[in-house]
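A.B. asks: So that we are looking at the same thing, I have put the structure below in structure tokens.
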Amino acid sequence: MVAKEISFPDFLRAVAIPMFGFAIVNPMGPTFMGFAIGKTNSGNSSLLFFSLNPFSQTAEEISTFNFDPHNIDADSLLKDYGLCFEIDKFLVGKKSDGQEFATPTLLFGNLGGETKEALDEQQLIVLSIIRHSNDPLRTLQNLTAYPMNVMERVSHEMSLSSFGFDNNEEKQIPSNEQLIEIIGHICNPEHIKQEFKGFNIAWEGAINFQRENGNVQLADSALGLEESLGVIGKLFPSLSQLMMEN
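As structure tokens, then:
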């Protein structure tokens, strides 16, 4: 099955099991993405990908399955339906089309699961998300250089981009050890808290930048921060709970 676009409101209505959420903190277009299981009109299930930033909210249906998403446990979902294969194939396709997303700087799962096999499948999915993103090794370098310091890291990344330094080197393929090192950063709850605060600042900053540079119509039609937090919080209540912790 070839992935097909669906409207973002249809995606929100369909979602039954939010699985993974991840985000890119970019002052020009902070983006929150993820994978979820939705319920189709026929009562079966679909694997969905979504992406939202201030100026665009999109979703795609990747594949369909013959089970009721309201009547399945996490272990069976992860072990029996080839989700890792489907997600990996989808991400490989995006990368081959030049549509891969930037490497996430925060990522979390939402499924749980009790068996080792289910937990291993979740890690494989996370590895796939990072591996097929735009530049994992550059992101690892920046995360290591600026631990728990989202604003200074983003300033550094923007300074490199403005001088074109980010495109001068051929991107290297990360090893599994390097991918796991990235996971150690971006899945750390304390890091996620700092990163999501930066994400919120970047969200409002991106809208204000467009308004201050004369793109008033684009800024006025943008998805506001409070509305975006409502969407993200509904999909991933655990993230909202984490952000309320001291």
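So the sequence shown is numbered by numbering that gives the first Met the number 0: it starts at 0 and just counts up by one. For every residue, glycine included, the Cβ atom is placed at its ideal position computed from N, Cα and C. Because the structure is a prediction, the values reported are computed rather than measured.
Closer than 6 Å by C-beta to Ser239: which residues in its own chain qualify, once you throw out the five before and the five after it? Chain order, please.
C.D. replies: Taking the sequence shown and counting its residues from 1, one reaches residue 239 at position 240. Excluding positions up to five away in sequence, the list reads Gly232.
A.B. asks: Measuring straight from C-alpha to C-alpha, what distance separates Phe84 and Glu211?
C.D. replies: For the purposes of this step, residue 84 is identified with residue 85 of the sequence shown, where counting begins at 1. For the purposes of this step, residue 211 is identified with residue 212 of the sequence shown, where counting begins at 1. Approximately 44 Å, taken between the alpha carbons.
A.B. asks: For Thr102, report the span of its beta strand (DSSP E) as first-last.
C.D. replies: Along the sequence shown, one-based indexing puts residue 102 at 103. From DSSP, Thr102 is part of no beta strand (DSSP E); its letter is neither H nor E.
A.B. asks: Just list the residues that DSSP pairs Val1 with in beta bridges.
C.D. replies: What you label residue 1 is simply residue 2 of the sequence shown in a count that begins at 1. Answer by DSSP bridge pairing: none, since Val1 is not bridged.
A.B. asks: Assuming Ile181 and Ile124 are in contact, meaning their beta carbons sit under 8 Å apart, how far apart are those beta carbons, in whole angstroms?
C.D. replies: Taking the first residue of the sequence shown as 1, we reach residue 181 at position 182. Taking the first residue of the sequence shown as 1, we reach residue 124 at position 125. Actually they do not touch by this definition, with Cβ atoms about 14 Å apart.
A.B. asks: With DSSP run on the structure shown, which of helix, strand or coil describes Gln56?
C.D. replies: By one-based count along the sequence shown, residue 56 stands at place 57. Three-state result, Gln56: strand.
A.B. asks: Counting only beta-carbon separations shorter than 8 Å, does Glu244 have a partner in chain C?
C.D. replies: Protein chains in the displayed structure number just one, and chain C is not present.
A.B. asks: Is it right to say Ser45 is buried, meaning 16 or more other beta carbons lie within 10 angstroms of its own, or is it exposed?
C.D. replies: Indexing the sequence shown from 1 puts residue 45 at position 46. Looking at its Cβ environment, which holds 16 or more other Cβ atoms inside 10 Å, Ser45 is buried.
A.B. asks: In this structure, does DSSP put Phe198 in helix, strand or coil?
C.D. replies: In the sequence shown, residue 198 corresponds to position 199, counting from 1. Here Phe198 sits in helix by DSSP.
A.B. asks: Pick from Val215, Asn187, Gly108, Ala205: whose alpha carbon is nearest that of Gly20?
C.D. replies: Against the sequence shown, residue 20 aligns to sequence position 21. Closest by alpha carbon: Gly108.
A.B. asks: Within this structure, are the beta carbons of His155 and Val91 separated by less than 8 Å?
C.D. replies: Here residue 155 corresponds to residue number 156 of the sequence shown, with the count starting at 1. Here residue 91 corresponds to residue number 92 of the sequence shown, with the count starting at 1. Cβ atoms of His155 and Val91: not closer than 8 Å.
A.B. asks: Buried or exposed for Met243, please, with buried defined as at least 16 other CB atoms from any protein chain shown within 10 angstroms of its CB.
C.D. replies: Here residue 243 refers to the residue found at position 244 of the sequence shown. Result: exposed.
A.B. asks: So Pro17 and Trp202 are supposed to be a Cβ contact under 8 Å. How far apart are they, rounded?
C.D. replies: On the sequence shown, residue 17 is found 18 positions in, with the first residue counted as 1. On the sequence shown, residue 202 is found 203 positions in, with the first residue counted as 1. Actually they are not in contact, since the Cβ atoms of Pro17 and Trp202 sit about 20 Å apart, beyond 8 Å.
A.B. asks: Have a look at Asp9, Gly42, Ala73, Pro135 and flag the residue whose alpha-carbon is nearest the alpha-carbon of Glu116.
C.D. replies: For the purposes of this step, residue 116 is taken as the residue at position 117 of the sequence shown. It is Ala73.
A.B. asks: What separation, rounded to the nearest whole angstrom, lies between the Cα atoms of Thr30 and Ala221?
C.D. replies: Mapped onto the sequence shown, residue 30 falls at position 31. Mapped onto the sequence shown, residue 221 falls at position 222. C-alpha separation (whole angstroms): 13 Å.
A.B. asks: Would Glu71 pass as a contact of Phe34 if the rule is Cβ separation under 8 Å?
C.D. replies: On the sequence shown, residue 71 is found 72 positions in, with the first residue counted as 1. On the sequence shown, residue 34 is found 35 positions in, with the first residue counted as 1. Position check: residue 71 holds Ile in this sequence, whereas Glu was assumed. In this structure, Phe34 does not lie closer than 8 Å to Ile71 by Cβ.
A.B. asks: Just to confirm the assignment, what range does the beta strand (DSSP E) spanning Pro17 have?
C.D. replies: Position 18 of the sequence shown holds residue 17. That run of the beta strand (DSSP E) goes 14-23.
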